[in-house]
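Notes follow once the structure below has been shown.
Number of protein chains: 2
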Amino acid sequence: MERVNTIDHCLRATWQAVAKMYNEQAAKHDTTMATAMALLNIDTENGTPSTALGPRMGMEATSLSRILKAMENRGVITREPHPNDKRVVLVKLTDFGRKKRAEARETVLTFNNAVYAAIDKEKIDHFFEVSKTINELIANKAIYNQD
Amino acid sequence: MERVNTIDHCLRATWQAVAKMYNEQAAKHDTTMATAMALLNIDTENGTPSTALGPRMGMEATSLSRILKAMENRGVITREPHPNDKRVVLVKLTDFGRKKRAEARETVLTFNNAVYAAIDKEKIDHFFEVSKTINELIANKAIYNQD
């Protein structure tokens, strides 16, 4: 069978490996990767409107809502009406949430630092550049005939 | 809020964009990305043992089994005992399956060719090299203290 190393396959396999690793690290801290990602996207000082979290995390509203409910039960966030606009739900970190966020940040930094220590920065710049090009080609619908 | 462009975030966002694009293309061909991926991993001539498909697709046995059942119902594959070892289930393409596989292959090639046409090959080589380094660091458990 042919076995071409395609860009899509490389992206998928690498992201799956990173996600598995992050989930294992999250489990060591009694949490999940989804919770850790949400924590990292919440402003430590002012909190973040719940509607802003979904797009940042690339997640549908229903999945996000389930995660936020679990996080509230766990005591890492509170959800309260925005002081300036009561229609907006503001997600804020508790003190415990701030501690868990710091752990998540450390996990992300440790991974990124390990990669930067293992390979030339120029190559990592190219990695980002290729990824940017892929995202642009897709956003511009420049790949397939649009019929 | 700090907004560092991390390697993990880049991988996740780019893979999600590719997966969304592939799902849209699959829908145009009345199929799904999971089916298309499975088709591409089945040998056109001799078929492929079902147990070999899961690891190739990075998929758990239960999810794979559900997909193979749907593919059999759809008429793109057959499942039969391996001629040399009846304990092994051999997944084989039907003629219709070969047609759908060719469509999936075209979709993958079109995407990959578009990326190669848009950016220097050297940068794509570095993209692969960085991904390989990430996978090796993870496989070697070289990133986090193993406690």
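These protein sequence lines are chains A and Y, in that order. For what it's worth, my numbering labels the leading residue of the first sequence as 1, then goes sequentially. For what it's worth, my numbering labels the leading residue of the second sequence as 148, then goes sequentially. All C-beta atoms in this analysis are idealised placements derived from N, C-alpha and C, irrespective of residue type, glycine included. The structure displayed is predicted, hence computed values, not measured ones.
Check	Outcome
Cα-Cα separation, P81 of chain A to V89 of chain A	5 Å
Inter-residue Cα distance where the pair is A286 of chain Y and V262 of chain Y	28 Å
R3 of chain A versus G47 of chain A: straight-line alpha-carbon distance, rounded	For R3 of chain A, the predicted model reports a pLDDT of 48, less than 50, meaning its position is unreliable and no value from the coordinates is stated.
D267 of chain Y in three-state terms, based on DSSP	coil
D155 of chain Y (DSSP reduced to helix, strand or coil)	helix
Within 9 Å of chain Y by C-beta, residues of the stretch 116 to 131 of chain A in sequence order	Y116, A118, I119, D120, E122, K123, I124, D125, H126, F127, F128, E129, V130, S131
beta-carbon D155 of chain Y near the ligand FAD non-hydrogen atom, thresh 6 Å	For the ligand FAD, the structure offers nothing, since it holds no ligand at all.
Interface flag, G58 of chain A vs chain Y, CB-CB below 7 Å	yes
Proximity winner among Y:A199, Y:T182, Y:A173, relative to Y144 of chain A (alpha-carbon distances)	Y:A173
Where the alpha helix (DSSP H) containing L219 of chain Y begins and where it ends	For the record, residue 219 of chain Y in the displayed sequence is Glu; it is not Leu. First-last of the alpha helix (DSSP H) with E219 of chain Y: 208 to 221.
Any C-beta of chain A under 7 Å from that of R150 of chain Y	With a pLDDT of only 48 at R150 of chain Y, under the threshold of 50, the placement of this residue in the model should not be trusted, and no figure is reported.
Cutoff 7 Å: R12 of chain A Cβ touching any chain Y Cβ	yes
Span separating the alpha-carbon of I124 of chain A from that of C157 of chain Y	11 Å
Inter-residue Cα distance where the pair is V255 of chain Y and V108 of chain A	31 Å
C-alpha distance - V91 of chain A paired with I77 of chain A, whole-angstrom precision	6 Å
Start and end residues, alpha helix (DSSP H) containing P55 of chain A	50 to 57
Under 9 Å from the C-beta of T198 of chain Y: neighbouring residues of chain A	None at all; the shortest Cβ gap to chain A is about 15 Å.
Range of the contiguous beta strand (DSSP E) that encloses T225 of chain Y	224 to 229
Contact set for M1 of chain A: own chain, Cβ-Cβ below 6 Å, skip 5 residues either direction	With a pLDDT of only 36 at M1 of chain A, under the threshold of 50, the placement of this residue in the model should not be trusted; the figure read from the coordinates follows. Hits under 6 Å: none found.
One or two residues paired with D232 of chain Y in a DSSP bridge	Y:H229
Integer-rounded CB distance, given that T280 of chain Y should sit under 8 Å from S131 of chain A	Rounded, the Cβ-Cβ distance is 15 Å, inconsistent with contact.
Close Cβ partners of I42 of chain A (< 8 Å) along its chain, the five nearest in sequence each way excluded	T48, L53, I77, V91, K92, L93, G97, R101
Cross-chain neighbours of N112 of chain A in chain Y, by beta carbon under 9 Å	V151, T153, I154, D155
CB contact check: A164 of chain Y to chain A, cutoff 7 Å	yes
Alpha-carbon to alpha-carbon, N231 of chain Y and D242 of chain Y	23 Å
Contact set for T179 of chain Y: own chain, Cβ-Cβ below 6 Å, skip 5 residues either direction	A173
Cβ-based burial, A104 of chain A [other Cβ within 10 Å; buried from 16]	buried
CB-CB length for T6 of chain A against N259 of chain Y, believed under 8 Å	5 Å
Host alpha helix (DSSP H) of A183 of chain Y (start-end)	180 to 187
Exposed unless 16 or more other CB atoms sit within 10 angstroms - verdict on T209 of chain Y	exposed
Cutoff 7 Å: R105 of chain A Cβ touching any chain Y Cβ	no
Closer than 7 Å to chain A by CB, L186 of chain Y	no
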